[in-house]
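Asks:
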Amino acid sequence: VELGIKRFLVCLDEDIFPPHTKNADRHDVIYETKYSLMVDMIRNHHDETFIHNIEEAVDKELYLKNKRSMEQNQQLLADWYRDFALLQEVTKTAVKIAAGEFTLAHTVDDMEEFSVTSFYSVGVELGLYEKDDILPYF
Numbered sequence: 004v005e006l007g008i009k010r011f012l013v014c015l016d017e018d019i020f021p022p023h024t025k026n027a028d029r030h031d032v033i034y035e036t037k038y039s040l041m042v043d044m045i046r047n048h049h050d051e052t053f054i055h056n057i058e059e060a061v062d063k064e065l066y067l068k069n070k071r072s073m074e075q076n077q078q079l080l081a082d083w084y085r086d087f088a089l090l091q092e093v094t095k096t097a098v099k100i101a102a103g104e105f106t107l108a109h110t111v112d113d114m115e116e117f118s119v120t121s122f123y124s125v126g127v128e129l130g131l132y133e134k135d136d137i138l139p140y141f
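If you count by this note's numbering, then the sequence shown holds residues 4 to 141, one letter each, in order.
(1) Just to confirm my understanding: we take residue 108, look at its own chain, exclude 5 residues before and 5 after, and list those with CB closer than 7 Å. What are they?
(2) By DSSP's criteria, residue 137 is part of a beta bridge. Which residues make up the other side?
(3) I'd like to check one pair, residue 93 with residue 33: are the Cβ atoms closer than 8 Å?
(4) Pick helix, strand or coil for residue 29, following the three-state DSSP scheme.
(5) For a test of the three-state rule: what should DSSP assign to residue 9, helix, strand or coil?
(6) Would you call the region 63-75 and the region 8-21 touching, i.e. three or more CB-CB distances under 8 Å?
(7) Judging by CA-CA distance, which residue of 115, 12, 101 is the nearest neighbour of residue 90?
(8) So, with DSSP's three-state summary, where would you put residue 92?
(9) Roughly how many angstroms lie between the CA atoms of residue 61 and residue 121, to the nearest whole one?
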C-alpha cells in the first residue's frame, strides 16, 4: 500500500555513526535533523535521568536479544543496533513532545524478533507511548 506520506528524517550524528547521514534513504523527505537535537528537545522537557532510562532499557533489551540469539546458535547483534534502537526511541519521544501526540505505523506485517524495529517494545514498556499509539501493518 502506498500512503504517499512525506517523511521527517533524523540521522545519527557523525560522531556516533558516520555513514548514516551519507547513506540514509531520503525518498519523500521534507525535513532532516540530527539525533542530538532530538535528545536536546527531550532534555528541555525532562531531567537527565529520562534519557538515561531510555539508554538503560535499550541496553537491557539488547542484552536479552543477544542472549536469545546465542541460545538459537545465531550471531550476536551488530554493535550498531544500540545506536539505531536509541535513534528510534529518542525520535519517537521527541516527536510526541513536539506534536503532543504520536502514531506509529509499522511498515512490515511480520516483525523479525531481532530487528531494530522490534525495539519499539522498549518505548511501550517505559510508557514513552501507548500500545494504542501503534497501528497494525495494513
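C-beta: ideal position from N, C-alpha, C; glycine also.
Replies: So, from the data block:
(1) 138
(2) 107
(3) no
(4) coil
(5) coil
(6) no
(7) 12
(8) helix
(9) 11 Å
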